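Protein chains in written order, with this note's numbering: chain G, 442 to 837; chain U, 442 to 837. The block underneath contains the structure these notes are about, expressed in structure tokens.
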């Protein structure tokens, strides 16, 4: 299989730290991966990400295969060289976007619309599906030029090999939370078939992760956890609808937990809510990825730690010029990032109000620091057997 | 008068170096001031500007009095604290925007439309004037909310005192290159009247610069140079229409040169073309300001030194994805900025093509470095009596 060495470290209940060695270096888990959608985290350069101490980022195959095209990145020498990022990288399979351009849009579920590639258009309305899935793969149209594409399990692996990240993902079908059990079950069989196809197609030393699906049905999730864990994947990801409530997400993580191999890293796909991160770490998750830090920045929110941040405000505050124009305090007086060291709420709210690029930059930098710093604290807390105390201190 | 100490250093012909001491520090001239329009250089934070080695920036009073408002900046403790910029700052009077919103737009002259505050709308068409000038001041409407404002010479000084920059400018009328001699002459009397009013109104230790106007008429320019030089200004600026041809700009600078005091810095307002900078330094200019580096970045141009850059291509190249997508070279192989050290044309052209914020950032950073580095070379060349050789080496 691919190059990946994972060693668990301290633990507290199911929560655990780990050391994950990939081709471009070794990282400590649990960790949050910022999403470098188009080989760039929105508003933050690779220099910024290095300065922020990011250990691992994930790029979107759907976007990169269309723009600039896998060939451009392959000829550059792979994503690390293209982006000038010296630490590990992951790519997804392109499948999630196939989903969000298909069923996600048709059902117009809140969670999914977060990921709609055309998000800059601000659309949350259901749109006509531009993706069709059959057992061979996903037919979809490019959001850039409406051109037709067909993504197969083998094709996804091939493209991810061209992109050249350290860790890649199998093509799966991410069902909508509104799909019924019959559809989800049939879809799960396809996802499992594709997992095997991806394994057979995989031909490099990139680490390959399998994905557990199964919607919010216990038997389907257990079946999927058992099946994916039985295959020689380097890493295990948990995908799909993670429930329509917090409790459902907890249930899913608890159902699958007994089947997960201890010695493989576990990646909960697309999760970036503070409360969820605590709850998932408590249930044995090692890796997270989400666009929330920079997406929230673009919509004018900045994250705050306790005491300003709490479960009720979801640890974030809306940047409103009229509220902050005379406020000389940093975004979060408890934060030690360079933005909070250098700039006031008055200044940042003015920049944001004027839609200045630097306003987006400063909010994105602070928010990304918030998540990476939270993960550092979680790792330290587990090492010191103080994770449950940290969780309580955050009011979760 | 205000706090400003200027000492000339080396010289070569009329070209000269100088040491300019202002309240927030000492800078070396000739220097180019990046324009921090709304208390921010577009796409570049104060941290970036410090890293780039900028010595002095200029902010726009017109924009700041409207957004966030002078009171916000005054209560923050002034522009330096508001922006977290520790080195010297200048502000303009707001007059230029009164012009560009008035006659400039009516005449739709190319040069002026560069400065149209609504430039993001991409409009170069003549629009109905929303400014009226009389002897007391300028009546104008806000581009932000269409509210009515009246800017007087005394009011401009008062607002600039609230903003608190190290160096401020008198309110003047910047006539259009299409104004006739009769109008320009009448306008010049008003500009001189306002210069005296500003001197009387000025009541802080901020350095105050007078502005020479007079269009492209030798007698008017000489009259203005004589008049402004006779007043106790700390610094002399040259404004207005700098001619409809290179030759006309050279003529204007040569006409006024005999009247300029040796011991005051000379600021050529709004100039940012490489060739013009060389020609103006050769004619004794010490300070420049222009939005070109970041504006060109936004429109997708990157600056290049010789041999790639030359008079014909105006030392800039258009960023076209299809042309650069397989190009692993830096923007300019001759450049020593961090962007050229870290990122390829392929990557930057992809980011620019996708309208990613970081694409704008990288181009803005490189372009600003280009100008600041050019000025460093010009200073060194004058110190070494090699300015004319440098000018020749740049093909000018």
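No residue lacks a Cβ here, since even glycine has one placed at the ideal position from N, Cα and C. These figures come from a predicted structure and were not determined experimentally.
Each of G:499, G:466, G:446 was checked against the Cα of residue 475 of chain G, and the nearest Cα belongs to G:499. Inside the segment 642 to 728 of chain G, DSSP marks whole alpha helix (DSSP H) runs of 4 or more residues at positions 659 to 671, 687 to 697, 715 to 723, from first to last along the chain. For a Cβ distance threshold of 7 Å, residue set 798 of chain G lies close to residue 801 of chain U, ordered along the chain. Within the model, the alpha-carbon separation for residue 575 of chain G versus residue 630 of chain G is close to 12 Å.
Considering only beta carbons, the part of the segment 505 to 518 of chain U lying closer than 7 Å to chain G consists of 508, 509, 513, 516, 517, in chain order.
A Cβ-Cβ contact shorter than 8 Å links residue 683 of chain G with residue 712 of chain G. Residues of chain U with a Cβ closer than 7 Å to the Cβ of residue 481 of chain G are, in chain order, 792, 797, 799. One Cα belongs to residue 729 of chain U, the other to residue 518 of chain G, and the distance between them is close to 42 Å. Inclusion of residue 533 of chain G and residue 610 of chain G in the CB contact set at 8 Å is warranted, their separation being smaller than that value. In the DSSP assignment, the residues bridged to residue 579 of chain G are G:574, G:592.
Beta-bridge analysis with DSSP links residue 509 of chain U to no other residue. Annotation for residue 759 of chain U: 741, 742 place their beta carbon closer than 7 Å to its own, counting only its chain and skipping 5 residues before and after. Taking 9 Å as the upper bound on Cβ-Cβ separation, chain U lies near residues 762, 766, 767, 769 of the segment 757 to 774 of chain G.
Under a criterion of Cβ atoms nearer than 8 Å, the residues of chain U adjacent to residue 485 of chain G are, in order, 799. Burial is judged here by how many other beta carbons sit within 10 angstroms of a residue's own beta carbon; residue 773 of chain G has at least 16 and is buried.
For residue 488 of chain U, the nearest CB of chain G lies under 8 Å from its own CB, placing it at the interface with that chain.
Distance from the CA of residue 803 of chain G to the CA of residue 745 of chain G, rounded to the nearest whole angstrom, comes to 14 Å.
Cβ-Cβ separation between residue 449 of chain U and residue 457 of chain U: approximately 5 Å, consistent with a contact (criterion under 8 Å).
Counting only residues of its own chain and dropping the five nearest sequence neighbours on each side, residue 696 of chain G has a CB closer than 8 Å to the CB of 659, 662, 663, 666. Collapsing the DSSP output to three states places residue 617 of chain G in coil. Burial state of residue 764 of chain G is exposed, judged by a 10 Å Cβ sphere holding fewer than 16 other Cβ atoms. Taken atom to atom, the span from the alpha-carbon of residue 642 of chain U to that of residue 770 of chain G is near 34 Å.
Closest in C-alpha terms to residue 515 of chain G, from the list G:480, G:649, G:580, comes G:480. Annotated as distal: residue 813 of chain G and residue 822 of chain G, with beta-carbon spacing of 8 Å or more.
By the C-beta density criterion, residue 717 of chain U is buried, having at least 16 other C-beta atoms within 10 angstroms. When only Cα atoms are considered, residue 587 of chain U and residue 483 of chain G end up about 33 Å apart. In the structure shown, the three-state DSSP call for residue 776 of chain G is coil. Per DSSP, the continuous alpha helix (DSSP H) segment holding residue 806 of chain G begins and ends at 798 to 824. Per DSSP, residue 734 of chain G lies in no beta strand (DSSP E) segment; the continuous alpha helix (DSSP H) that holds it begins and ends at 733 to 739. Taking 8 Å as the threshold, the shortest C-beta distance from residue 650 of chain G to chain U does not fall below it. Residue pairing of residue 584 of chain G in beta bridges, as defined by DSSP: absent, with no partner found. When secondary structure is reduced to three states using DSSP, residue 744 of chain G falls in the strand class. In chain order, 746 place their CB closer than 6 Å to the CB of residue 775 of chain G, counting only its own chain and leaving out the 5 sequence neighbours on each side. The beta carbon of residue 701 of chain G sits closer than 8 Å to the beta carbons of 666, 670, 677, 707, 725 from its chain, once the five residues preceding and following it are set aside; these are given in chain order. DSSP, reduced to helix, strand and coil, places residue 789 of chain U within a helical segment of the structure shown. Excluding the 5 residues flanking it on each side, residue 787 of chain G has same chain C-beta neighbours closer than 7 Å at 765, 766, 767, 768, 769, in chain order.
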